[in-house]
Amino acid sequence: MDWWEQIFAAFKETNVQQVAYVPDAGHASLIEACINDKDIRAIALTTEEEGVALLAGAWLGGERGSLLMQSSGVGNCINMISLAATCQFPLSIFVTMRGQWREFNPWQYPMGQTANNQLETAGVRTLTATSPDEVGPMTQATLDHAFAGGGMSALLLHQRLMPVKTFDK
Amino acid sequence: MVRSNRSDTYQLHRREVIKQLIRIDDDLLVIAGLGSTAWDVTSAGDRNLNFPLWGAMGGAISMGLGLALAQPERRILVITGDGETLMGMSSLATVSMQSPQNLSICTFDNERYGETGMQLTHTSARTDLAGVAAACGIPVVGHVRTQEELEAALPNILRAQGPIYHVIKVRAEKLDFVLPPKDGVHLKNRFRKALSLDN
Chain A
0 MDWWEQIFAA
10 FKETNVQQVA
20 YVPDAGHASL
30 IEACINDKDI
40 RAIALTTEEE
50 GVALLAGAWL
60 GGERGSLLMQ
70 SSGVGNCINM
80 ISLAATCQFP
90 LSIFVTMRGQ
100 WREFNPWQYP
110 MGQTANNQLE
120 TAGVRTLTAT
130 SPDEVGPMTQ
140 ATLDHAFAGG
150 GMSALLLHQR
160 LMPVKTFDK
Chain B
0 MVRSNRSDTY
10 QLHRREVIKQ
20 LIRIDDDLLV
30 IAGLGSTAWD
40 VTSAGDRNLN
50 FPLWGAMGGA
60 ISMGLGLALA
70 QPERRILVIT
80 GDGETLMGMS
90 SLATVSMQSP
100 QNLSICTFDN
110 ERYGETGMQL
120 THTSARTDLA
130 GVAAACGIPV
140 VGHVRTQEEL
150 EAALPNILRA
160 QGPIYHVIKV
170 RAEKLDFVLP
180 PKDGVHLKNR
190 FRKALSLDN
């Protein structure tokens with residue numbers, strides 16, 4: 000399975016019903032699969048912090064959700080993470096990394112280099128997958144940490160997993 | 000010094016409005032935005048099915064959306080302030096795209112940041128949140144300024160097919176704090192228990 004198919008399979012296995020996202024090229028196939036799944040509600044956000052609050056509401060109503068974003072979105076989430084932290088809402092985030100490996104756009108470096116530390120500082124446990132075979136087990140570990148007891152977990156998907164973006168230069 | 004503003008003389012009082020929206024024994028699921036609206040909602044009774052926010056500014060509408068999608072058979076009411084709505088304004092576009100029929104959102108708009116010294120918000124100038132909601136594509140949008148308009152809007156707010164958004168213009172006034180429990184884990188657990196969900 001491709002790495003994104005492993006995340007999708009874990010969503011299905013764990014009964015994730017709401018998948019909120021700000022699109023990223025790296026997440027495109029996973030987003031498409033969620034949109035096409037009859038049991039998953041795929042929710043396009045305008046900004047990533049909406050997703051943190053939305054998933055808290057989902058859990059309040061008895062559903063499980065996950066959040067997809069790229070590394071630039073991590074910075075948008077920081078204050079809203081206090082909602083999950085204070086109330087122990089489950090939080091599971093899947094971050095496609097930019098600014099990390101063969102990055103063409105220097106504007107991606109600031110968040111690409113600091114997303115991991117910012118998440119950890121906000122109290123979110125992080126794992127980083129650098130090869131495709133790690134993604135499935137790390138996804139399950141991320142979801143288990145969130146849903147077993149209101150943990151906050153993020154899986155960072157290393158830019159090595161993504162096709163190199165060149166803007167045709 | 001707090002500047003005077005037209006909202007100093009608005010007819011509707013927020014603590015009277017809330018009593019007409021929520022009764023202690025009804026089955027609405029209520030999310031209250033941080034600050035004044037959390038105290039307002041609590042003044043009508045500290046219900047297990049209230050989730051009053053003490054932080055997470057800008058998140059009330061999104062939280063209501065996630066709840067509405069998870070509980071399609073229940074009516075969800077988000078009560079929040081103009082400052083809180085402004086911070087998460089684009090979540091109205093997300094609500095519109097999902098269009099949950101069971102979600103009703105009310106902004107109590109006193110045109111001020113109530114918790115921080117009554118500074119003027121953008122709605123004291125030209126920003127019209129009902130217009131924003133309409134432009135986002137929320138199908139039913141209302142503007143309430145008087146008791147008569149409130150009574151006319153109540154059936155929509157409480158029962159009409161959503162998503163629904165109302166701005167309720169309320170007087171700028173300093174009121175007693177009516178504080179809900181501050182323990183977020185407790186608020187979450189009692190809400191889920193009241194929905195017969197496991198904690």
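Protein chains in written order, with numbering that gives the first Met the number 0: chain A, 0 to 168; chain B, 0 to 198.
Think of the CB as a built atom: it goes at the ideal place given N, C-alpha and C, for glycine as much as any other residue.
Computed from a predicted model, the values in this text were never measured in an experiment.
query                                                                                                                           : result
CA nearest to the CA of N101 (chain B), picked from B:L68, B:S89 and B:G130                                                     : B:L68
Residues from the region 175-197 of chain B in contact with chain C, defined by Cβ distance under 8 angstroms                   : The displayed structure is made up of protein chains A and B, and chain C is not among them.
T93 (chain B) beta carbon less than 7 angstroms from that of T45 (chain A)                                                      : yes
7 angstroms Cβ cut-off: residues of chain A touching T106 (chain B)                                                             : In chain order: nothing, as chain A lies at least about 16 angstroms away.
Contact check, Y164 (chain B) vs I137 (chain B), beta carbons under 7 angstroms                                                 : yes
Residue of A:Y108, A:A8, A:T95 and A:G61 minimising C-alpha distance to H157 (chain A)                                          : A:T95
Terminal residues of the beta strand (DSSP E) in which Y164 (chain B) lies                                                      : I163 to K168
beta-carbon G161 (chain B) near the ligand ATP non-hydrogen atom, thresh 6 angstroms                                            : As presented, the structure is devoid of all ligands, the ligand ATP included, so that no description of it is given.
P51 (chain B) - DSSP class collapsed to helix/strand/coil                                                                       : strand
Inter-stretch contact at 8 angstroms, needing at least 3 Cβ pairs: the region 141-155 of chain A / the region 83-102 of chain A : yes
Boundaries (first-last residue) of the alpha helix (DSSP H) holding A153 (chain A)                                              : First-last for A153 (chain A): M151 to L156, but that is the beta strand (DSSP E), not the alpha helix (DSSP H).
Secondary structure of Q19 (chain B), DSSP reduced to three states                                                              : helix
Beta-carbon neighbours of L66 (chain B), restricted to chain A and to distances below 8 angstroms                               : G56, A57, L59 and G60
Contact belief for C86 (chain A) with L186 (chain B) at Cβ below 8 angstroms, rounded distance in angstroms                     : 7 angstroms
CB contact below 7 angstroms: Q87 (chain A) versus chain B                                                                      : yes
Option in B:P154, B:T115 and B:R144 with minimal Cα separation from R13 (chain B)                                               : B:R144
Sequence-distant residues of its chain with Cβ nearer than 8 angstroms to L82 (chain A) (five each side left out)               : V51, A52, A55 and F88
Residues that A69 (chain B) bridges to, as DSSP identifies them                                                                 : In DSSP, A69 (chain B) forms no bridge with anything.
Beta carbon of V177 (chain B) nearer than 7 angstroms to that of W38 (chain B)                                                  : yes
8 angstroms contact criterion, which A9 (chain A) and L160 (chain A) should meet: CB distance rounded                           : The Cβ separation is near 16 angstroms, so there is no contact.
Other residues of its chain near P109 (chain A): CB distance less than 8 angstroms, five sequence neighbours each side excluded : G98
Below-7 angstroms beta-carbon distance, L44 (chain A) vs any chain B residue                                                    : yes
As assigned by DSSP and simplified to three states, the class of R63 (chain A)                                                  : strand
Nearest-angstrom beta carbon gap, L64 (chain B) and Q210 (chain B) [assumed within contact, 8 angstroms]                        : No answer is possible for residue 210 (chain B): the residues shown for chain B start at 0 and end at 198.
A84 (chain A) (DSSP reduced to helix, strand or coil)                                                                           : helix
Proximity test, Cβ basis, 7 angstroms: E31 (chain A) and chain B                                                                : no
Residue-level contact to chain B via CB, S81 (chain A), 7 angstroms cutoff                                                      : yes
R101 (chain A), DSSP secondary structure in three states                                                                        : coil
Identified DSSP bridge partners for G116 (chain B)                                                                              : Answer is none; G116 (chain B) lacks a bridge partner.
Residues sharing a beta bridge with A19 (chain A), DSSP                                                                         : A:I42 and A:L66
Element boundaries [beta strand (DSSP E), containing I77 (chain A)]                                                             : Unbroken run through I77 (chain A): none, as it is neither H nor E.
Contact list for G25 (chain A) against chain B, beta-carbon separation under 8 angstroms                                        : Per Cβ cutoff of 8 angstroms: no residues; G25 (chain A) is ~22 angstroms from chain B at best.
Status (buried if at least 16 other CB within 10 Å, exposed otherwise) for V163 (chain A)                                       : exposed
When B:D7, B:G54 and B:I23 are compared against L48 (chain B), the one with the closest alpha-carbon                            : B:I23
D7 (chain B) (DSSP reduced to helix, strand or coil)                                                                            : helix
Beta-carbon proximity list for R74 (chain B), same chain, < 6 angstroms, skipping 5 on both sides                               : L27 and N101
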